[in-house]
Every structure is written in structure tokens, then in C-alpha cells.
Amino acid sequence: MLYSLLSRCAALTIGLLFALSVSTAAAQQTRLPDIGTAGGAVMSIDRELAIGDMYMRQIRASAPVVGDPVLNAYLHDVGTRLVRNTSDVNFPFKFFWVNQDQINAFAFFGGHIGMNTGLIAETRNESEFASVLAHEIAHVSQRHIVRNMDAMERSGPAAIATMLGSILLGIVNPELGMAAISASMAGMQQRSINYTRLFEQEADRIGIDILAQSGFDPMGAPDFFGRLAEKYRYASKPPEMLLTHPLSESRIADTRIRAERLKQNMEVRRNELSYWLAKYRVLTRHIGRYNETAARNDMQSSNPDIATAAQYGLAILLLDSDQPQQAAEALAPLLEKAPYNTFYLDVQTDILLAQQRFDEALAMLEQAYQRMPNERTVTINFANAAMQAGQLDLAIKLLRDFLIRESTNTVAMSLLVDAYRRRGDTSNMHEARAELLALHGQFDQAINSLHNAHAQSSTTLEQRRLQARIEQLMAMQRQLEKLG
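According to our numbering, numbering within the sequence shown proceeds without interruption in unit steps and concludes at 1408.
What follows is the structure, given as C-alpha cells:
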């Protein structure tokens, strides 16, 4: 089943992340002074993109990045809706989940934004969830990390090198990374520290504007952050988010005043079923905070979206406890009402494959694929079902076409490696494996795998293509070594 594959992919990435947006204290002013243009003296946009790509490869290798196509599609949809209403967008945004129970979100170079699965579990509605995303989008659009480096330039190149090294350390070990960043910040001038305070204030202001312009309730921001601040006010070990985004009473009050003013002039869009389905998928499948009794209780909720999502969660719980028939019975009413809902299609695919009803799975997914040919959940499930049914050529075609659009999708690349292996196509298997390894920053192994593909290639043209790719990966490896 696809879920089994996702579990194997998650095993490739162990470790912890921490937020790269460093903050020292909340700003006390509601009006922002001019703190300069959005960075660039230290790092060009092209270089920021390159560094962001390298960091993302390291994160895939060291942290439990979630491959779940359904959750990734939902996060992408919410993030894209927010980005459409964001100014100063310099590059495409890339959103991803980290399977950590801790409440945290973070942004780093090149438009990368990560969300812990524990965060959505703590939110109470989609506007609260989106408010965190909007805040991180504001950090990225205003290039706060780069602008902080501009301020640090006054302390000399060594300060910048220390900060970059601390961020890399934090990717592997959050506690050591936080200590290193704190030490590097302690040596900065007060001007740099003040910049960091103002960045949080700027992200608050811009983030709430983005939230409101995207049709979400702007009160989601003060409600969520206010509740967190109250809950962990006296905690000896607060969530990582409160360490990197300190919340003073004045900051929350300022945020609430702005949100209330914005809400007076807008109509909030209320369509939260996808949010609840995503939340219950996280609760049941990723952080294990849910059981069958809780699901059946929630199915009695007066909120129809919660009741529906709880029934969906029940189907997942039954499926994952090897009860596919009972899972099918729980899912059937939902699928009948919304046969092309990708949350439902994904679970139904796993049910049919568990029962070895391959023809039914393929027929269902082919129909969905004709309707939604660019939808990642449908394509990945279709390819996986085709492979399980022994239709390897179909699986390979689907995956190759999909990877043209989403070349960094590790689940699709893992499936492609497996499909080539099953077909006995060792040259293409080694090449696909090399790309998968490179996505995890494992360039030595990737280059070795390409050499294996090169040795088994049958044409001069193919050998030249593979040699060119080897040289590209060697250049990327040198780039990564420079960052380290």
C-alpha cells in the first residue's frame, strides 16, 4: 500500500528541525519604522535559492519530512491561496510537513516553509492554521533572514559565517543549533537585535493582512497565539515556536487590534472540510493522538465538518489496524457523497489494494486521473496501484510524466526506483536511485549510482547524458561543502 511506502520513506529521514526565524523579544510599537529594503547586500536572490535548495536536501536527510501526498496537497493549496495575496514574492514557495508532535513552524532561504504536524493538531480552525503560514510567508517575502545578515555585516563576515553554520547545526540538532545561534546573536550589536524584533512585528502586520486578503478570519492569528501564550505562560519548556516567536501581552494585543479592524471590512469564507480532514489524518496516522472511541464520539458532533472528518479518521484507524472491510464500510458514505475527494480516494485505494482488488482500484483511479490529470494524490496512487497490479509500463509512464512537473517529489521517485527494479531495468533503476539520493543530499552515493547506470547504458548518447549529470552532481556536492 502507499501508506507502507510512505512509512519506509519516513525512515530515511530522522532527526529534528528547529525554526530558523530567530527572535529575541516582542516589539512594543504598533507603527513600524523604516528598516530598509528587503535585503540583498549580502545575498542575491539566485544565491538564496541555491542555498535554500541545499538546506532542503539536508533537511530531507536529517528530519522526518512527510511524504503523504494528501497532506502535502492540502498544505500547498492553503499556502498558494495565501501567496496569491502576498506582495514582494521573489521566488516560488515550497511548503512541506515535518512529522513532529511539537508545535512549530519555520521559514528559511529560498521560499521554503515547514510546518510540524503537531501544529495543526493544536489549532481549532483553518484560519488559525493559515495564520501561522501567513506569518512565515511574511518572513520569506520580506527576506528577513537575509536582511538580518545585512545587519550582521557590520560585525564582519565571521558573524555571518557563524549564523549560517548555526542554522545548519540546528537542522541536525535543534538544541545545539539554538544554543549556537543564541551565542552568535549575543555577540552582535544592539542594532542587529533590534532588527530581529522589528522583523517579528513586520511579519505580524503583513501576515494578518495576507490572512484577511485571502478570505480567512484575521482573528485566527491573535486567537491562536494568545491561547498558546496563556497555555504555556509558566511552562519550564515551552514549545519551540514560543522560543523563536516570543509572545508578549502587548504584541498579542496589537495583533488583536489590527485583526478586529480588518475583520470589520471583510466577509470570512467558511469552507473548512479539507482542514478538518487534514487534521484528522494527522491525528490518526502521523502523531497517534486518536483512537476509535474518540472517532465515534466526534462523529456525533453538531459541526458537520468535524463529524465527517471523524468518520474519515475512523476509516483510517480501521484500515491501519488491518480491518479493510470495516474501513470500507466507514468510508463508503463519504465516498458516495464526494467520489473525487482526494482524501477519500487515497484511503479507498489503500483499502482496495489491501483486498487485492487491483482492477477496481485501477478503474477508479483512471477515471479520477482523466478528471484531474495534474493532481498529485491521484497520480501517485494511480502509479502505485498500477505497479501493485503488475502494470509496470503504465506506472513508469505516470511517474516519469509527473516528475517532470514535480522533480523533487521523493515519494514518486521512490516508486519509480521500485518500478524499474521490478521490471529488471537496472540502468534506469540506478539513475532514478541517484536522483532520490541527491534529493537527500547524499551526493557520494548518488554519483556512484550514476556510474553504475553509466556502465550499464547501451548507447553513446545515453552515456554522455549520464556523464553530464555526474558532473552536475559533483558541482552540487562542492557547493554543499562550501556551505558547511
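Beta carbons: idealized from backbone N, C-alpha and C, even for Gly.
Residue i, DSSP secondary structure in three states
i       : result
Asn1049 : coil
His1364 : coil
Asn1221 : helix
Ala1358 : helix
Val1013 : coil
Met1353 : helix
Ala1239 : helix
Glu1395 : helix
Gly1144 : helix
Phe942  : Low confidence applies here, because Phe942 scores a pLDDT of 29, under 50, leaving its location unreliable; read the following figure in that light. In the structure shown, Phe942 sits in coil (DSSP, three-state: anything other than H, G, I, E or B).
Met1296 : coil
Gln1066 : coil
Met967  : coil
Ser1373 : helix
Ala1313 : coil
Thr1384 : helix
Glu1405 : helix
Ser1331 : coil
Ser1138 : coil
Tyr1214 : coil
Arg1157 : coil
Arg1008 : coil
Ser1055 : helix
Asn996  : helix
Gly1003 : helix
Per-residue burial, residue i [other beta carbons within 10 Å of its own, 16 or more giving buried]
i       : result
Asn1305 : buried
Ala1309 : buried
Asp1342 : buried
Lys1203 : buried
Asp1317 : exposed
Thr1384 : exposed
Thr1041 : buried
Asp1368 : exposed
Tyr1264 : exposed
Pro1228 : exposed
Glu1050 : buried
Identity of the residues DSSP links to residue i by a beta bridge
i       : result
Gly1038 : Phe1020, Phe1030
Val989  : Val1022
Determine, using beta-carbon pairs with one atom in the stretch 970-983 and one in the stretch 1263-1276, whether at least three such pairs fall under 8 Å. no
Do the stretch 1048-1057 and the stretch 1212-1226 meet, that is, are 3 or more Cβ pairs less than 8 Å apart? no
At which residue ranges does the stretch 1229-1287 contain complete alpha helix (DSSP H) runs of 4 or more residues, listed in the order of the chain? Counting only runs of 4 or more, we get 1248-1261, 1266-1278.
Does the count of Cβ pairs from the stretch 1132-1143 and the stretch 1016-1024 closer than 8 Å reach three? no
Count the C-beta pairs between the stretch 1245-1254 and the stretch 1180-1198 that are closer than 8 Å, then say yes if the count reaches three, no if not. no
Do the stretch 1372-1380 and the stretch 1353-1361 meet, that is, are 3 or more Cβ pairs less than 8 Å apart? Touching, yes, given that three or more Cβ pairs across the two stretches are closer than 8 Å.
When you compare the stretch 977-991 with the stretch 1024-1041, are there three or more beta-carbon pairs, one atom per stretch, that lie closer than 8 Å? yes
Touch check for the stretch 1182-1199 and the stretch 1060-1070: three-plus C-beta pairs under 8 Å? no
Length at least 4, wholly inside the stretch 1185-1212: the alpha helix (DSSP H) runs in chain order: 1197-1205
Measuring CB atoms only, is the stretch 1382-1397 touching the stretch 1000-1013, in the sense that at least three cross pairs come out at less than 8 Å? no
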